[in-house]
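Notes for the one structure printed next.
Protein chains: 2
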Amino acid sequence: MKIIWFKYFLFSLEAINQTKTEMKRRKFIKNTSVIGAAMGLPINLKLNKLNVAVIGSGLRGQSHIGLLLQRNDCNVVAVAEPNDKMLEMTRTLFGKREQTQPKYYSNGNKDYLEMLEKEDLDLVIISTPWKWHTEMAVACLKKNIYTGLEVSGAFSLEECWDLVEAQENSKTHLYFLENVCFRKDVMAILNMVRNDLFGELIHLECGYQHDLRGVKFNDGKSAYGSGVEFGNNGFSESSWRTEHSLHRNGDLYPTHGIGPVAQYININRGNRFLYINSVASKARGLHNYIVEHEKGGPDHPNASLDFKLGDKVTSFIKCNNGETVVLHHDTNLPRPYSLGFRVQGTKGLWMDVNKSIHIEGMSKAHRWESQEEYLKQYDHPLWNRYEQDAEGAGHGGMDFFLINSLIEHTKRKQIPCFDVYDAATWMAITALSEKSIATGSSPQAFPDFTRGHWVTRKNDFALGNEY
Amino acid sequence: MKIIWFKYFLFSLEAINQTKTEMKRRKFIKNTSVIGAAMGLPINLKLNKLNVAVIGSGLRGQSHIGLLLQRNDCNVVAVAEPNDKMLEMTRTLFGKREQTQPKYYSNGNKDYLEMLEKEDLDLVIISTPWKWHTEMAVACLKKNIYTGLEVSGAFSLEECWDLVEAQENSKTHLYFLENVCFRKDVMAILNMVRNDLFGELIHLECGYQHDLRGVKFNDGKSAYGSGVEFGNNGFSESSWRTEHSLHRNGDLYPTHGIGPVAQYININRGNRFLYINSVASKARGLHNYIVEHEKGGPDHPNASLDFKLGDKVTSFIKCNNGETVVLHHDTNLPRPYSLGFRVQGTKGLWMDVNKSIHIEGMSKAHRWESQEEYLKQYDHPLWNRYEQDAEGAGHGGMDFFLINSLIEHTKRKQIPCFDVYDAATWMAITALSEKSIATGSSPQAFPDFTRGHWVTRKNDFALGNEY
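Rendered as structure tokens:
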């Protein structure tokens, strides 16, 4: 290792900027670190500046790019995006920030493969429609490029296994980009859980409860609530997300809820999900929205569609260590946004819907307290350190922490805090819930994607204030 | 009918007070009304003053007696109660109110049968430990005495059918005493549901979330939290309720949640429960309570018991009309009291945990509003009329409405708003949830206790401001 360090040091001193030489350096570091890993040696190599590509620069991809461009430790060197309007918006973003334009790969949905072939990349971020996620991640892992994959639910368990196998045959890692794990209150509660405020955890709730009617439909030109079109006639998410509500019935979007819960109870790290049951209500919300919208009406062609997604899908999960988890999915009805968290243990509980906490011996018996003082006192060290830097970043600042974590993990070639086994497990909820609903709410066992390693794996998410 | 009315009128005029004559009158009315019913004629006979007996004058029975003694339309003529301490408290209650003591039947658990044999009763209220409920109600129905049965969960579906068959072979009715249907906010929400504020209902939640550790254990002398004893060493509820937590694993107490929900979505009246799935968390709370209590400790004999009831039992129900219902049962952990109501439709939702409402077009998009103004505006006519009378009655006044409804229904010999089919259906949740948990959360179909009549039955609960 000393020799490697020495050579690396020399390269650093020379401050080489020429692309060709830089590419050689990068290939050298990659190879040596692979050798180090193969030899079971600690890898102390840390890349200082990453070459990053983004597949899918829609609104979500542009948000990621915006955060990447604020950093001095990465260059966004390539973007794969087939949609003209999104390409134009992406170009404008680089222009506004006075940054060198990346190489664009815009020749259809598969041009990203050309990009992976031609570019020398340390990291690819995938923020495309759900149906592309696995195929794209598998392609990146095959090229041994560290992969940041946006969240979604799986179509099948086979798809989850594809991800796991691609990872296990790769020399790099898959980071599953679940931003809510970094939400300020969610991290403060994690801190409280780890400080045993709630005692032994018993029951958890979470979900995705978000009135998406104005996201699932628009006028094809602007994003939110501007009409009742979707698919080929829609813009942004309505062009691809809505078809899932038309054809599928299950918990289509489980990760924002289950990601944080998985941290609280160490899923895939000493604990695992055993089985899930799901039930779906009738579907009324999307049809009603089309009929009642000023640009819709009972005679609009979309008013005759039979949306299969139940307006409210409810699931529960039994865990190996005896905890139960309730998941809500509720995206077709008028309602305030809520991930519906509940963290309950032998000493007390937190609920986010009433922003309240009860801790035995601290709270008055049988009474709620405001969460406010607790969240302040147990503010997570990461937020304590980086809150100002996160200001203005997407989703209340949590996207800053997510991208920072992704970049720092990539630089160190580290196993991510949310890795391929988490991705497979969390994504599997969608496929399993569809199967449960299709079979009258029968229980569906989770595969053990870790092949038994969950027993000894450790939870190292956000243990300190580093990243 | 005219003749019957005329005779009844004559009796009324005579204002007969002598017991013997009164007994004859009562038997005559009973018989004539039975004849009327058999002839398919409307029964306009209304008893003016009821002879009431109470089986089980523990703390709950005493609360009922207290309310009965405030009324001028009933005499509490008999009480069956085998426990000396409870008998003494009951005598004191009558004494304090300067009321004639009832006849006491205290010769063991079966002495109530003697009471049913000897007394001339219009109404019996059963407020005994759960395991006696069905057998006692069946005995009362066999005697054709209008029966008010306290709520509980069933041990088996057969028990529920026993109740139904006893009712169907009887000339009178069973009123299932679910008081939460009369809770002020619950009734205001019913009023909102009926005024279509929430649109078509889609999803509901409810439950029983009440830290009962101090109820399940005491010192055998006083009721709440005074020790870690139960069963033969316990006082009041701990003497019988706790054994259920020791041996059983299911939703042991579903009716306070499901009763109101059943009103909102017309269960057994145009709608019905199809199936239920349940899951139970590990059980820690009761053991920990014993170990940590100053009168307990790790060496206390009860610390070695293996309580089977999961600390958190969660169920969901699918309804015939497409609604889903989530039920919570959570009685072994430190927490604030909450029945966890959620009423969600195509136009908006109410949740009681954050006391908030969102109604599309009235509330700001994606924002909660306080429930306060809505509950005021839609205050139920019954509360509007009787709120002052209810003041001081148990459980925030709702017990006043319950007893008033029971008495008025009995006087009119009416089919109760919560009848034997509701009792059977709601109680069945316990047996079905135990079976679901015992079989790895498999779905359990509800029997149709109405034998098809749910299709045409109408919901007439609290349609006006009468009772």
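Taken in sequence, the protein lines are chains A and B.
Here the numbering used here is used: the first residue of the first sequence is 1, the next is one more, and so on.
Here the numbering used here is used: the first residue of the second sequence is 1001, the next is one more, and so on.
The beta carbon of each residue, even a glycine, is placed where N, CA and C say it ideally should be.
List the residues of chain A whose Cβ lies closer than 7 Å to the Cβ of residue i, in chain order.
| i | result |
| --- | --- |
| residue 1443 of chain B | 440, 441, 442 |
| residue 1202 of chain B | 281, 282, 284, 311, 312, 333 |
| residue 1353 of chain B | 351, 353, 354 |
| residue 1346 of chain B | 284, 285, 288, 333 |
Would you call residue i buried or exposed, if buried means 16 or more other Cβ atoms sit within 10 Å of its Cβ?
| i | result |
| --- | --- |
| residue 1459 of chain B | buried |
| residue 33 of chain A | Only weak support exists for where residue 33 of chain A lies, its pLDDT of 47 falling under 50; the value from the coordinates is given anyway. Residue 33 of chain A comes out buried. |
| residue 263 of chain A | buried |
| residue 451 of chain A | exposed |
| residue 272 of chain A | buried |
| residue 295 of chain A | exposed |
| residue 314 of chain A | buried |
| residue 1463 of chain B | exposed |
| residue 970 of chain B | Any property of residue 970 of chain B remains undetermined from this structure, which presents chain B solely from 1001 to 1467. |
| residue 1299 of chain B | exposed |
| residue 1419 of chain B | buried |
| residue 465 of chain A | exposed |
| residue 1367 of chain B | exposed |
| residue 1003 of chain B | For residue 1003 of chain B, the predicted structure reports a pLDDT of 36, less than 50, and the residue's modelled location is therefore unreliable. A value from the coordinates is still provided. Per the 10 Å Cβ criterion, exposed. |
| residue 1301 of chain B | exposed |
| residue 1205 of chain B | buried |
| residue 421 of chain A | buried |
Considering only the alpha carbon of each residue, which of the options lies closest to residue i?
| i | options | result |
| --- | --- | --- |
| residue 1217 of chain B | B:1164, B:1412, B:1386, B:1293 | B:1293 |
| residue 1171 of chain B | B:1142, B:1051, B:1161, B:1183 | B:1142 |
| residue 1074 of chain B | B:1088, B:1047, B:1087 | B:1047 |
| residue 1456 of chain B | B:1401, B:1269, B:1124 | B:1269 |
| residue 1475 of chain B | B:1144, B:1309, B:1364 | Chain B is shown from 1001 up to 1467; residue 1475 of chain B falls before or after that span and cannot be answered. |
| residue 1082 of chain B | B:1276, B:1055, B:1229, B:1398 | B:1055 |
| residue 1284 of chain B | A:340, A:346, A:319, A:330 | A:346 |
| residue 131 of chain A | A:182, A:276, A:153 | A:153 |
| residue 50 of chain A | A:422, A:408, A:415, A:198 | A:408 |
| residue 1331 of chain B | B:1089, B:1173, B:1210 | B:1210 |
| residue 1397 of chain B | B:1145, B:1206, B:1182 | B:1182 |
| residue 106 of chain A | A:402, A:88, A:80, A:422 | A:80 |
| residue 104 of chain A | A:251, A:336, A:52 | A:52 |
Do residue j and residue i come within 8 Å of each other at the CB atom, strictly closer than that value?
| i | j | result |
| --- | --- | --- |
| residue 234 of chain A | residue 406 of chain A | no |
| residue 223 of chain A | residue 239 of chain A | no |
| residue 242 of chain A | residue 231 of chain A | yes |
| residue 1208 of chain B | residue 1247 of chain B | no |
| residue 350 of chain A | residue 371 of chain A | yes |
| residue 1431 of chain B | residue 1156 of chain B | yes |
| residue 1166 of chain B | residue 1379 of chain B | no |
| residue 1290 of chain B | residue 1280 of chain B | no |
| residue 254 of chain A | residue 426 of chain A | yes |
| residue 192 of chain A | residue 374 of chain A | yes |
| residue 202 of chain A | residue 323 of chain A | yes |
| residue 286 of chain A | residue 307 of chain A | yes |
| residue 1164 of chain B | residue 1424 of chain B | yes |
| residue 1119 of chain B | residue 1077 of chain B | yes |
| residue 1134 of chain B | residue 1111 of chain B | no |
| residue 1145 of chain B | residue 1177 of chain B | no |
Under 7 Å Cβ-Cβ, which residues of chain B neighbour residue i?
| i | result |
| --- | --- |
| residue 461 of chain A | Near residue 461 of chain A there are no residues of chain B at all, since even the closest Cβ is about 23 Å away, more than 7 Å. |
| residue 211 of chain A | 1366 |
List, in order along the chain, the chain B residues whose C-beta lies closer than 8 Å to that of residue i?
| i | result |
| --- | --- |
| residue 275 of chain A | 1440, 1441 |
For a contact defined as C-beta to C-beta under 8 Å, what are the partners of residue i on chain A?
| i | result |
| --- | --- |
| residue 1316 of chain B | 277, 279, 314, 316, 441 |
Exercise. Residues in the region 318–344 of chain A with C-beta within 7 Å of chain B's C-beta atoms, listed in sequence order?
Worked result: 318, 322, 323, 324, 326, 333, 334, 335, 336, 337, 344
For this session: Closer than 8 Å, Cβ to Cβ, to anything on chain A: give me those residues from the region 1280–1294 of chain B, in chain order.
Result: Per Cβ criterion, the list reads 1280, 1281, 1282, 1284, 1285, 1288.
For this session: Give, in chain order, every residue of the region 1356–1385 of chain B whose Cβ lies closer than 7 Å to some Cβ of chain A.
Result: 1358, 1360, 1366, 1367, 1368
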